[in-house]
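J.:
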Amino acid sequence: MTAISCKALCRTFQQGEVKITGLDQVTIDIDDGEFVCLSGPSGSGKTTLLNAMGGLDTPDSGQITVNSQRIDHLSKGEMADMRLHKIGFVFQAYNLIPVLTAQENIEFVMQVQGVPATKRHIKSLEVLKEVGLEGAADRLPSQLSGGQQQRVAVARAIVSKPTLILADEPTANLDTKTASQLMDLFVELNRHHKITFVISTHDQRIMTYARRLIKMQDGKIISDEKLSSAIQ
Ligand SMILES: Nc1ncnc2c1ncn2[C@@H]1O[C@H](COP(=O)(O)OP(=O)(O)O)[C@@H](O)[C@H]1O
Ligand SMILES: [Mg+2]
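Under our numbering, the residues of the sequence shown are numbered 196 to 427, in order.
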């Protein structure tokens, strides 16, 4: 099955008098269970593409289908619902709520979903354990290292059992060792939970994990190759 299908996506940004190309006729299909890295220099359109795939931004033209559902015509409410239940996001900046503990940050998502309190409590501890943070439930983001904060963000992304995780330069603020631990975690989630991953990066080391490497430049896809040498 196709996890995401993009057809002829175009997105321009108007900055004063100047038109900036974000995406230029991007067409791409990603199947369920794929582990894809999106690479390219800064400004090549990686974030714009991930935002479009996740419904955080609407392209000017083109079609996007996620899990066989067209998302380019959804209302704001339908889109929010789809994001909440089907897609997990992991960002470069971990985007945790600073006044909430690790566990509360995860429970917050489930609260929005209407999950009852007892279940929220159990589930949040379960996913914290899954990302190797069982001892850190009561800590605030400021009391966690960058790598640990990113793991909380991953726990928050997987708690709703998404079929797809979109990660935008998730290792950008992490040291090499922590970055490869995070990638190992992604690989494991891909293998054991069959979650499809699309990860943007311009870090060469991270690309060695890719089973498929898509390169972008100036808002276009310039190459798309399957790799058999991935660390998996
Ligand atoms: N909100 C915005 N307003 C104006 N230009 C933008 C905006 N978002 C992205 N762009 C431009 O679109 C292009 C692609 O950006 P982006 O998708 O962020 O690239 P990448 O993530 O690969 O660094 C860049 O030229 C960037 O400056
Ligand atoms: Mg970016």
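Even for Gly, the Cβ is constructed at its ideal location relative to N, Cα and C.
For a test of the three-state rule: what should DSSP assign to Glu364, helix, strand or coil?
T.: Residue numbering aside, residue 364 sits at position 169 when the sequence shown is read from its first letter. In the structure shown, Glu364 sits in coil (DSSP, three-state: anything other than H, G, I, E or B).
J.: In or out: Arg386 buried (at least 16 other Cβ within 10 Å) or exposed?
T.: Counted from its first residue, the sequence shown places residue 386 at position 191. Exposed, since its Cβ has fewer than 16 Cβ neighbours within 10 Å.
J.: Can you tell me whether Ala405 is helix, strand or coil according to DSSP?
T.: In the sequence shown, counting from the first residue as 1, residue 405 sits at position 210. In the structure shown, Ala405 sits in coil (DSSP, three-state: anything other than H, G, I, E or B).
J.: Which partner residues does Arg206 have in the DSSP bridge list?
T.: To locate residue 206, count along the sequence shown from 1; it is residue 11. In DSSP, Arg206 forms a bridge with Leu218.
J.: What are the uninterrupted segments assigned as alpha helix (DSSP H) that are 4 or more residues long and contained completely in the stretch 323-402, given in chain order?
T.: Correct list: 341-353, 371-388, 399-402.
J.: Find out if the Cβ-Cβ distance for the pair Phe286, Asp227 is shorter than 8 angstroms.
T.: Along the sequence shown, one-based indexing puts residue 286 at 91. Along the sequence shown, one-based indexing puts residue 227 at 32. No, they are not a contact pair.
J.: I'd like to confirm something about Gly240: is its beta-carbon nearer than 7 angstroms to some heavy atom of ligand 1, or not?
T.: Taking the first residue of the sequence shown as position 1, residue 240 is located at position 45. Checking every heavy atom of ligand 1 against the Cβ of Gly240, one is found closer than 7 angstroms.
J.: In whole angstroms, what separates the C-alpha of Gln345 from that of Met411?
T.: Residue numbering aside, residue 345 sits at position 150 when the sequence shown is read from its first letter. Residue numbering aside, residue 411 sits at position 216 when the sequence shown is read from its first letter. If I take the Cα positions, the gap works out to 25 angstroms.
J.: Taking 7 angstroms as the cut-off, is the CB of Thr243 close to at least one heavy atom of ligand 1?
T.: Against the sequence shown, residue 243 aligns to sequence position 48. The answer is yes for Thr243.
J.: Should Ser200 and His280 be called a contact, given that it needs their Cβ atoms to be closer than 8 angstroms?
T.: Position 5 of the sequence shown holds residue 200. Position 85 of the sequence shown holds residue 280. No, the Cβ-Cβ distance between Ser200 and His280 is not below 8 angstroms.
J.: Does the distance from the CB of Gly342 to the CB of Leu369 come in under 8 angstroms?
T.: The residue given as residue 342 occupies position 147 in the sequence shown. The residue given as residue 369 occupies position 174 in the sequence shown. Cβ atoms of Gly342 and Leu369: closer than 8 angstroms.
J.: Check whether the stretch 267-274 and the stretch 244-259 are in contact - that is, three or more C-beta pairs closer than 8 angstroms.
T.: Enough Cβ pairs lie closer than 8 angstroms, so yes.
J.: Would you mind working out which of Met277, Pro293, Leu218, Gly235 sits nearest Ile360, comparing C-alpha positions?
T.: Residue 360 sits at position 165 when you count from the first residue of the sequence shown. Closest option to Ile360, Cα to Cα, is Met277.
J.: Under a three-way DSSP split, which group does Ser239 fall into?
T.: Along the sequence shown, read from residue 1 onward, the residue named residue 239 stands at position 44. The answer is coil: DSSP assigns Ser239 none of H, G, I, E or B.
J.: Report the option in Leu339, Ala198, Gly240 whose CA atom is closest to the CA atom of Leu218.
T.: Position 23 of the sequence shown, counted from the first residue, corresponds to residue 218. Comparing Cα positions, the closest option is Gly240.
J.: Does the beta carbon of Asp419 fall short of 7 angstroms from some heavy atom of ligand 2?
T.: On the sequence shown, position 224 is the one that residue 419 refers to. No, the beta carbon of Asp419 sits no closer than 7 angstroms to any heavy atom of ligand 2.
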